[in-house]
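Structure first, then comments.
2 protein chains.
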Amino acid sequence: MKHAPLIAQNHMRCADCPIRHKAVCAYCEPPELAKLDAIKSYKTYRAGETIVWAGQEVEVLGSVVSGVATLSRTLPDGRRQMVGLLLPSDFVGRPGRKLAPYDVVAANEVMICQFLKPDFEKLVSNTPALERRLLDMTLDELDAAREWMLLLGRKTAREKLASLLVIIARREAALNGTEIGDGLRFALPLTREAMSDYLGLTIETVSRQISALKKSGVIILEDARHIRVPDYIALLDEAGDDSDGGYIS
Amino acid sequence: MKHAPLIAQNHMRCADCPIRHKAVCAYCEPPELAKLDAIKSYKTYRAGETIVWAGQEVEVLGSVVSGVATLSRTLPDGRRQMVGLLLPSDFVGRPGRKLAPYDVVAANEVMICQFLKPDFEKLVSNTPALERRLLDMTLDELDAAREWMLLLGRKTAREKLASLLVIIARREAALNGTEIGDGLRFALPLTREAMSDYLGLTIETVSRQISALKKSGVIILEDARHIRVPDYIALLDEAGDDSDGGYIS
DNA sequence: TTCTGACCTTGATCGAGATCAAGCAAATAG
DNA sequence: CTATTTGCTTGATCTCGATCAAGGTCAGAA
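So the sequences go chain by chain: P and G. Going by this note's numbering, 442 is the number at position 32 of the first sequence; the sequence numbering is gapless. Going by this note's numbering, 651 is the number at position 241 of the second sequence; the sequence numbering is gapless.
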């Protein structure tokens, strides 16, 4: 059986947010939900802006409403590795931890629906269903991280690029509620540099591999940031793992 | 503040297990704990034996009592990447998921204290403290996975080897309750092949980098499976990241 | 308009780690 | 006791992706 779609019907629907909050399910106690709804606030960040610095104290938790944010770790000499990619409806921040372990950076303009940490944590303590929901989300993130480890450790540059395109296509489709199939078209929400940080490559290699996939006809580059996939299965083949990447339930 | 030691005082102490169970804390309801204790059983696996096949249905959950087990993902053409390393007191299996997403393999002789999945899951549902404990453990695993991603994506072969030695030394010390310092001596619980799967390298490169670290005097190889570290700080330096790898609380 | 800087592409060359190959030591089997 | 296997090391060579370098395009500023 396939993984549940990213936006389940039972996720909390804010009055004003255009997304459903992955972290908060409709089975939470209504009075608590109402309280949460009352204390939420919105904040936007410009492209490139750092939302949280690694090591810094974090005072808020929330969900990405629009835009894309990245989690990354940096070595003292500047080598950087992305370790998480946050799309709309994804949860930001870690309940129960005071200091942030990674930089959180806006990849483009990002809007976040946020709650003060103490308020949210109090709600979590009082709401077992919410705690369970957080556990499930974290387990899914762990699976994604481990899939990513396979990519970083063992895939070729070409396979890495194809895998990233599959991941973006799949998440994009899930957000829009559309089916994945031939003729798929989507925007790349990441610069070449962000892609290289994601994949453990240099920007030059990213660029070359995109050109190579284009030359092979696996993708069509409408412009640098828009991709069309004439044959989705062909792209999956290029990604190396015959599993379609859907997690097993 | 540093991460709590791997074996906290409040973890459940089985009557007969020589370890404390990381997953189960002493704050769980005593009657439920007693019930769990009543249904536990032990099973041992030989070195190299597969404990769980990826894709297979899993019927048990439990803790590693002795030995070392690995989680790994394999590409269709045989390329393999280790994605998890389970030492004594670590939890095996995923509550709430029917099929295993990875192979679990015994790296050497492994003993597991296990519970039937339905029993354990029922206990989890009835015990909020246990659910919270599982969430914390999973978040820690996620942090470890992300640290590992940095290693796989951006570190050199030499840094990878040094990092692995630091990780093994630290976990070994935590298990024995000893301090990490100069003159540290420990056994490698992994073959060169398992190390190469962990680090995304070939066995030849692993062997060469160990030889290189030996030649530089960073480590002393007593024999192929026993390491002595004359200067722990020097080893940390070789690992590349100046953070000591302890997670931030 | 031109200038500037961000972002992307492509070419030439280099080098870290993979691959191919050989050999050694210790454990296990026959 | 010898033969085989498993795990480890080391050498020679190759190759993929990094590095160094140049140029192109486009948006926004002057």
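Positions of the beta carbon are idealized from the N, C-alpha and C atoms, including for glycine.
Within this structure, are the beta carbons of residue i and residue j separated by less than 8 Å?
i, j, result
"P/I578", "P/P599", "yes"
"P/V474", "P/P505", "no"
"P/A555", "G/L549", "no"
"P/E519", "P/G477", "yes"
"G/L545", "P/E541", "yes"
"G/L645", "G/L585", "no"
"G/Q524", "P/R564", "no"
"G/L562", "P/M605", "no"
"G/K527", "G/E469", "yes"
"P/L485", "G/G650", "yes"
"G/P538", "P/P538", "yes"
"P/K508", "P/E467", "yes"
Less than 8 Å between the CB atoms is what I'm expecting for residue i and residue j, so what's the real figure, rounded?
i, j, result
"G/A516", "G/A457", "6 Å"
"P/I449", "P/D529", "5 Å"
"G/L631", "G/I620", "7 Å"
"G/L495", "G/V502", "Contact doesn't hold; Cβ gap of about 12 Å is too wide."
"P/Y455", "P/I461", "5 Å"
"G/V534", "G/L571", "Not a contact, Cβ separation roughly 39 Å."
"G/V628", "G/E603", "Contact doesn't hold; Cβ gap of about 22 Å is too wide."
"G/A622", "G/R568", "6 Å"
Could you say which of the options lies nearest to residue i if we only look at CA atoms?
i, options, result
"G/I590", "G/E614, G/A554, G/P441 and G/P640", "G/P640"
"P/R638", "P/L611, P/S626, P/R595 and P/S617", "P/R595"
"P/P441", "P/Y452, P/T484, P/K508 and P/N536", "P/N536"
"P/S482", "P/E557, P/G610 and P/K625", "P/G610"
"P/A597", "P/H636, P/R430 and P/M547", "P/H636"
"P/R430", "P/G587, P/W463, P/D607 and P/T480", "P/G587"
"P/A583", "P/Y642, P/R543, P/D652 and P/R618", "P/Y642"
"P/H421", "P/R543, P/K445 and P/D607", "P/R543"
"P/E557", "G/D500, G/E557, G/D592 and G/V493", "G/V493"
"P/C424", "P/I522, P/A479 and P/K624", "P/I522"
"G/G488", "G/K625, G/R581 and G/D607", "G/D607"
"P/D652", "P/S573, P/A444, P/S626 and P/R580", "P/S573"
"P/M547", "P/R580, P/D500, P/D592 and P/T566", "P/D500"
Can you look up residue i in the DSSP assignment and give me helix, strand or coil?
i, result
"P/V616", "helix"
"P/K532", "helix"
"G/T460", "strand"
"G/A516", "strand"
"G/Y657", "Any reading at G/Y657 must be qualified, since the residue scores a pLDDT of 43, below 50, and its modelled position is unreliable; the value itself is stated next. Coil at G/Y657, not helix or strand."
"P/S473", "strand"
"G/L594", "strand"
"P/E551", "helix"
"P/K565", "coil"
"P/R580", "helix"
"P/A649", "coil"
"P/D426", "coil"
"G/A622", "helix"
"G/K412", "For G/K412, the predicted structure reports a pLDDT of 36, less than 50, and the residue's modelled location is therefore unreliable. A value from the coordinates is still provided. G/K412: coil per DSSP, three-state reduction."
"G/S451", "strand"
"P/I417", "With a pLDDT of only 44 at P/I417, under the threshold of 50, the placement of this residue in the model should not be trusted, and no figure is reported."
"P/S662", "It is not possible to answer for residue 662 of chain P, since the shown part of chain P is limited to 411 through 659."
"P/K570", "helix"
"P/D633", "strand"
"P/E589", "coil"
"P/R483", "strand"
"P/R504", "coil"
"G/L611", "coil"
"G/L600", "coil"
"P/R392", "In the structure as shown, chain P begins at 411 and stops at 659. Residue 392 of chain P is therefore absent and cannot be evaluated."
"P/R490", "strand"
- Message: Give me the subset of the segment 506-523 of chain P whose CB atoms are less than 9 Å from a CB atom of chain G, sorted by chain position.
- Response: So the close ones are G506, R507, K508, L509, A510, P511 and Y512.
Worksheet entry | Under 8 Å (Cβ pairs) to chain P, residues found in the segment 525-547 of chain G | For the segment 525-547 of chain G, the residues whose beta carbon sits under 8 Å from a beta carbon of chain P are, in order, P538, E541, R542, L544, L545 and D546.
Select from the segment 546-561 of chain P all residues with a C-beta closer than 9 Å to any C-beta belonging to chain G, and list them in chain order. Taking 9 Å as the cut-off between beta carbons, the residues of the segment 546-561 of chain P near chain G are D546, T548, L549, E551, L552, D553, A555, R556, E557, W558, M559, L560 and L561, in sequence order.
Could you list the residues in the segment 474-489 of chain G with a C-beta less than 7 Å from some C-beta on chain P, going in chain order?
When C-beta distances to chain P are compared with 7 Å, the residues of the segment 474-489 of chain G below that value are R483, L485, P486 and R489, in chain order.
Requested in this report: Give the residues from the segment 630-641 of chain G that approach chain P closer than 7 Å (Cβ to any Cβ), ordered along the chain.
Outcome: Answer set for the segment 630-641 of chain G: empty.
*asked:* Against chain P, which members of the segment 445-474 of chain G pass a CB distance test of less than 8 Å?
replied: For the segment 445-474 of chain G, residues whose beta-carbon sits nearer than 8 Å to a beta-carbon of chain P comprise G465.
Note down, in chain order, all residues in the segment 492-505 of chain P with a beta-carbon under 9 Å from any beta-carbon belonging to chain G. Listed by position, the residues of the segment 492-505 of chain P near chain G (Cβ gap below 9 Å) are M492, V493, G494, R504 and P505.
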